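Taken in order, the sequence shown gives residues 1 to 164; the numbers are from the UniProt record's numbering.
Where is the CB? At the ideal position from N, CA and C, for every residue including glycine.
Small disclaimer: the values here were computed from a predicted structure and weren't measured.
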Amino acid sequence: MASTSSNEFELIGPRGDEKHQFGSDTTLSCHLSPEISAAAMEIRWFKGMDCICLYKNRQVTEGKGYEGRVNLFTHELQRGNVSLQIRDCTESDRGYYLCHVTNGDLTEELTVRVWKIPPSRDYLGTLTWGCICPRIPVPFIHWTNPFPVCGKPRTAVSLDCQPY
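Structure, rendered in structure tokens:
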């Protein structure tokens, strides 16, 4: 079995794509294997060509447009956790992110894909459908549940048909 020098590592990411809901926080999972300290390493997170978070010389710099929205878990760097949290996700946060970790002359990279998921069951909103109907009188369907479910009102649905 070959021995591993103290600066050799690989990056391990999520098993699949990271999912998020708009307005929620999401964590881009990434950690070192073996579990060695990343506190003295240089860590860069990119979206496209833009560096959105830089950890260098034990200082964190947030990229333009991401100020106050990104968080590197610096208290977990000792355990090799180089994951990045993005606060208040928006449509523009969907896409591919690159984690770039350098220790001396060794650099490892890992790509994480973020995509959205549908709103939760507790999503509050209204959905209206329309149709063309050959019958007269024109049917009209309206449903709403004013009773709270899990503390939030349910979505109201209506269907309005017009004769052709």
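Member of the options whose CA lies at the smallest distance from the CA of residue i
i, options, result
"R113", "Y55, E10, F9, T26", "T26"
"R87", "G13, L28, R69, A39", "R69"
"V101", "E35, Q59, T61, L110", "L110"
"I12", "V82, Y55, D93", "V82"
"A39", "I52, Q59, C51", "Q59"
Neighbourhood of residue i by C-beta distance below 7 Å, restricted to the same chain and skipping five residues each side
i, result
"E10", "S33, E108"
"G95", "K47, V114"
"T61", "L54"
"S24", "C89"
For residue j and residue i, the rounded distance between their alpha carbons
i, j, result
"N57", "C30", "20 Å"
"M49", "G63", "11 Å"
"T90", "H75", "26 Å"
"R44", "Y97", "10 Å"
"G80", "E35", "5 Å"
"E66", "L72", "The sequence given here places Tyr at residue 66; Glu does not occur at that position. Cα-Cα distance, rounded: 12 Å."
"S92", "C99", "18 Å"
Cross-strand partners of residue i (DSSP beta bridge)
i, result
"S33", "E10"
"K47", "D50, Y97"
"E42", "T102"
"R113", "Y96"
"Q85", "T27, N71"
"Q59", "K56"
"L108", "Leu is not the amino acid found at residue 108; the sequence shown has Glu there. Looking at the DSSP assignment, E108 forms a beta bridge with V101."
For residue j and residue i, believed in contact at Cβ under 8 Å, the rounded distance
i, j, result
"Q78", "S37", "5 Å"
Spatial neighbours of residue i in its chain, beta-carbon cut-off 6 Å, leaving aside the 5 residues before and after
i, result
"D105", "none"
"P14", "S29"
"C51", "R44, G63"
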